[in-house]
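From first to last, the protein sequence lines are chains U and H. For the first sequence, UniProt numbering gives the first residue as 1, with consecutive numbering after it. For the second sequence, UniProt numbering gives the first residue as 1, with consecutive numbering after it. Note that beta-carbon positions come from the ideal geometry of N, C-alpha and C, so glycine has one too. Below is one structure; the comments refer to it alone.
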Amino acid sequence: MAAAPRRGRPRIHGPEFSPESTWAELSRNIREIQNHKASTLSFEENHRYAYNMVLYKQGDMLYRGVKRLVMENLESLAKEEIIPAFPTGTTDPIMQNTEEEVLLKALRKVWDDHKSNMVRLGQILKYMDRVHTKSAQVPTTNEMGLELFLSHIMKNPIKEHIVTAILNQIRHERDGNVINRSAVKECVDVFQSLQYENTPTATIYKRDLEPPLLEASRAFYQKEGQELATTCTTPEFLILVEARFEAEQSRTHHYLSSQTSHPLLQILKDTLLDPHIENVIAKESGLDSMIDNNKTSDLSRLFRLCQKIGKGLKCLESSLKKSIVRRGQEINAASTGDEFGEPDAEGKETEQSTKGKGKARPPKASGIEPAINWVQEVLNLKDKFDVVWKTCFESNRAIESAYNDAFGTFVNQNEKCSEFISLFIDDHLKRGLKGKSDVEVDVILDKTITIFRFISEKDVFERYYKGHLAKRLLQGKSISDDAERGMLAKFKVEQGIQFTQKMEGMFNDMKISADMTKEYLEHVAKTTAPEIELNVTVMTSNAWPMTHSASKCLLPPKMSEACQSFQHFYLGRHQGRRLTWQFSLGNADVIARFKSKTHELNVSTFALVILLLFEDLGDGDTLGYSEIKQNTEIDEPELKRHLQSLACAKYKILKKHPPGRDINPNDTFSFNIDFSCPMKKIKIGTISSKVESNEERKETIDRVEDERKYQMEACIVRIMKGRKKMTHNDLVHEVTQQLTSKFMPEPLAIKKRIEGLIERDYLQRCDDRKSYEYLLCSFLSKALDISRSLISSPCKVRKELTFCLCLPNLGIPVKPAHMLLSTDIVSLVEN
Amino acid sequence: MPMATSEYTTAALATNKEGWVRLQSTDGFSYLVKRKVAQASGTIRNMLDPEGGYAEALNGVCEIQERGIIVEKLVEYMSFKTYYESINTKDEIPLNEFLERIPPEIILELYVSRLDVL
């Protein structure tokens, strides 16, 4: 039994209390406590001593006495435990490491000792804390303990050695050595639990340890960053840097303060990433090679690191852009290279002839190859980057828009992008269903839409697409109506109803024409049927992209009879319409008897007209080129083209004298009665879509330019009508904004249009020379004027015009433009 | 738990398990009370704190410098307090009944001891 209860002690309430003897007892016991012998002491007794001293107004003596005892104890602890553990200045890193660990542990031991002592003292001095310290305005026992520790242990040189030791330990660990993390942590905890100025955030850690720690880290990583950037490849660099980030994070988590985490990581960003990221991305082993080799994990890492710093993503974006544009330009170059190869070859052939365009040659699939290849390459590129975007860049929006920018840039750098894409779609809708399921084709077309989005000149695309669509419809080549309509729906979603209106009109015409033909056939069956069975497609003139001047052709009587019959029937049903026959777009089935057997030939209308010239001739008789020309009145280039397809192509229905690939004015032709072919049905000389020659391109562009003029004028008038008065800059801005979805109008071009409109009295300049005014009345009179010229030419502006004209209802009868129809013959069938 | 006190804690835990402590008066009476009840007094709680590791904490025996009758009343009060603290009653705490149970002759002594002990 340790502290035996002592009976017969002086009564506490009695007068025989002596502060000196009480303190002598108590101080002896406190020393015992400091020697870890509290278990031999009675709490009750010591508590009573302290209690009595405070009760008898000796609190001050007690307080000062305790303070002195604690001080003495601390100093002796420092002397015994810490000073001997001071570093010896050895240079051996392993020894250093051990020494530092010992020092840190010593400090921790002193701290633990001191703390548990203070807890015990606090317990027996509770009454003093409650009563004396408050009135004397001195810190409580516990606070006093911390203050004394601060002033007697956490002072130089001890503090200096400790801080250095901690920094060295961290450095050892950064260098890849193993350290005793818990020793460091325990020491850091001491720093963190010590406060100064009694504010919880003002810890000694913040004041004395963190600043040198950050400084050392900065120096270390600055050096490291430079080393890594010069010696490592990009993937290595990324791996090492990311490892550093993780290591520092775990370091702050495990044995430093979480408050340090942020500034420390900031240092890493400033020293490792910020100065080097651009170089690292641009390196030979950088972004490009990572994308080439599908290094998804490296790319994800790059993205993660780039996200950490402000300029990182921007840097990544611009590098991606550069990479995409470079790849895209390679694709562009490859496709134009292909084309240059081909016209050259054609050029050689055509040199011999007078001026054939090489078009009369049998259609070759290779004609559209550059277009298909180009689109396919672009799609592949897009796929590749999309995969990277999804797997590595976490579908980041900013990067997506960088992608779009880049793709838009290089796609539009290819002048033929619109044509190529349209051809690609054409190709897929024509024969794509072979070998590919509907779903696959749909996926490809969906992807094509993504490229379509990149085109800035949508109106050019619209023109090409309409052309290709018209050919598909008229020649019945489109595989499925559903696929066509699906495509239109996609365009509608992308560009709005206006974009597809005309195309839908084309579909409508096809349907109406089919019904009409049926009715017509029923009609003629009842009355006088012409010898030729006739299928007619009636096309609304403003919906179809065909030239509207009728191609000349002298039809043989049988055919013209049939035409007349239909015309009569049609006009009988629809009054006030005009039909213009487009023979160049039609085709015909004809049964021809050769020596060996009879064949069914599918030829164009023109070719049929030519063939019919030979019908009444003897076997060996010939016709000269000029004779044919005279008898058919077909335009020379067209005639040549068709003669070529009949006489020089794979199936030689006609014999040319002298034989050769090209048609000369002196050639003569005869029916090739010896013709033989294993197939019963033969298709001859259809015009296949292919990449336009330069001349055709120029023509298309001119037409697009013309159309843009109308669109700009319409747009200007529409805006001015609403605003009445506007400054030049505002007007140009507004026009640009409204037309951007179709094409990018040049300010200069807009200015020209404005001038044109002023000349024609639609607008007038205001006195300030900066604004324009809208002139309503004179516009109306002029509108009637131009309506006449516009009505016969196919252009979108007509819709605008109708709108303009209808608005001021002044009783002027204006016939809506779309009532005017031109109708075209398409199919002739001879039995 | 800091290392320095670990040698005491095993002993302290041993007494802890029982959950009972002994309160001794100056005239030789001793009262076995639940540890939880004894800790209703701040001083006794400190006394029994294993972190302090004083003799009382090790033995589970606390000497109270009062006569048995006073200690008995103190124990009764501590039980009373612990009971009404632990149950969440909305009824009025029967404090008057408790006060009526205090014999008038020990009231002064009890009052002083309350200052000392509680």
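By the CB criterion at 8 Å, ARG120 of chain U and ILE33 of chain U fall inside the cutoff.
Taking a cut-off of 8 Å for Cβ pairs, the region 275-284 of chain U and the region 313-329 of chain U touch, as three or more such pairs fall below it. A contact is defined here as three or more CB-CB pairs under 8 Å, and the region 144-152 of chain U fails this definition with respect to the region 79-92 of chain U. Here the C-alpha atom of LYS680 of chain U lies approximately 11 Å from the C-alpha atom of ALA592 of chain U. When C-beta atoms of the region 476-492 of chain U are compared with those of the region 513-529 of chain U, fewer than three pairs fall below 8 Å, so the two segments do not count as touching. Within chain U, the C-beta atoms nearer than 7 Å to that of LEU58 of chain H come from SER39, in chain order.
By the CB criterion at 8 Å, TYR772 of chain U and MET726 of chain U fall inside the cutoff. Buried is the label assigned to ALA57 of chain H, since at least 16 other Cβ atoms lie within 10 Å of its Cβ. Residue state for ALA202 of chain U is assigned as coil, using DSSP reduced to three classes.
Following the DSSP letters along the chain, one finds HIS599 of chain U inside the beta strand (DSSP E) bounded by residues 598-604. DSSP places THR252 of chain U in the uninterrupted alpha helix (DSSP H) bounded by 234-254.
Those residues of the region 25-54 of chain H placed with their C-beta closer than 8 Å to a C-beta in chain U are THR26, GLY42, THR43, ASN46, MET47, ASP49, GLU51, GLY52, GLY53, TYR54, ordered along the chain. Residues of the region 117-133 of chain U with a C-beta less than 7 Å from any C-beta of chain H: VAL119, ARG120, GLN123, LYS126, listed in chain order. Secondary structure of ILE682 of chain U (DSSP, three-state): strand.
Within 10 angstroms of the beta-carbon of TYR83 of chain H lie fewer than 16 other beta-carbons, which makes it exposed. A Cβ-Cβ separation of about 6 Å places LEU429 of chain U in contact with GLU484 of chain U under the 8 Å criterion. The C-alpha of THR141 of chain U lies about 29 Å from the C-alpha of GLN24 of chain H. The beta carbon of GLU494 of chain U sits closer than 8 Å to the beta carbons of ILE449, PHE452, ARG453 from its chain, once the five residues preceding and following it are set aside; these are given in chain order.
For ARG304 of chain U, the closest of U:GLU504, U:LEU238, U:ARG326 by C-alpha to C-alpha distance is U:LEU238.
By the Cβ test, the region 640-655 of chain U is in contact with the region 667-680 of chain U, since at least three Cβ pairs between them sit closer than 8 Å. The C-alpha of LYS724 of chain U lies about 5 Å from the C-alpha of TYR774 of chain U.
Listed as beta-bridge partners of ILE591 of chain U by DSSP are U:GLU600. With a threshold of 8 Å between beta carbons, SER297 of chain U makes no contact with chain H. Under the 8 Å criterion on CB atoms, GLU63 of chain H is classed as interfacial with respect to chain U.
By the criterion of a C-beta distance shorter than 8 Å, ARG218 of chain U is surrounded in its chain by ILE267, ASP270, THR271, once the five residues flanking it on both sides are discounted.
Secondary structure of LEU125 of chain U (DSSP, three-state): coil. Using a Cβ-Cβ cut-off of 8 Å, GLU44 of chain U counts as an interface residue toward chain H, since at least one Cβ of chain H sits closer than that to its own. Taking 8 Å as the CB threshold, ARG48 of chain U lines the interface with chain H. Each residue's CA atom was taken as its position, placing LEU748 of chain U and ILE628 of chain U some 50 Å apart. Per DSSP, the unbroken beta strand (DSSP E) holding VAL33 of chain H starts and ends at 30-34.
Under the Cβ criterion (8 Å, minimum of three pairs), the region 622-640 of chain U does not count as touching the region 501-517 of chain U. Under the DSSP definition of a beta bridge, THR296 of chain U lacks any partner. Looking at the DSSP output, ARG22 of chain H sits in a beta bridge with H:LEU32, H:VAL61. Take the alpha-carbon of LYS36 of chain H and the one of ILE94 of chain U: they are about 53 Å apart. In this structure LYS640 of chain U is buried. Its beta-carbon is surrounded by 16 or more other beta-carbon atoms within 10 angstroms. In this structure, the CA atom of THR632 of chain U is about 29 Å from the CA atom of GLY572 of chain U.
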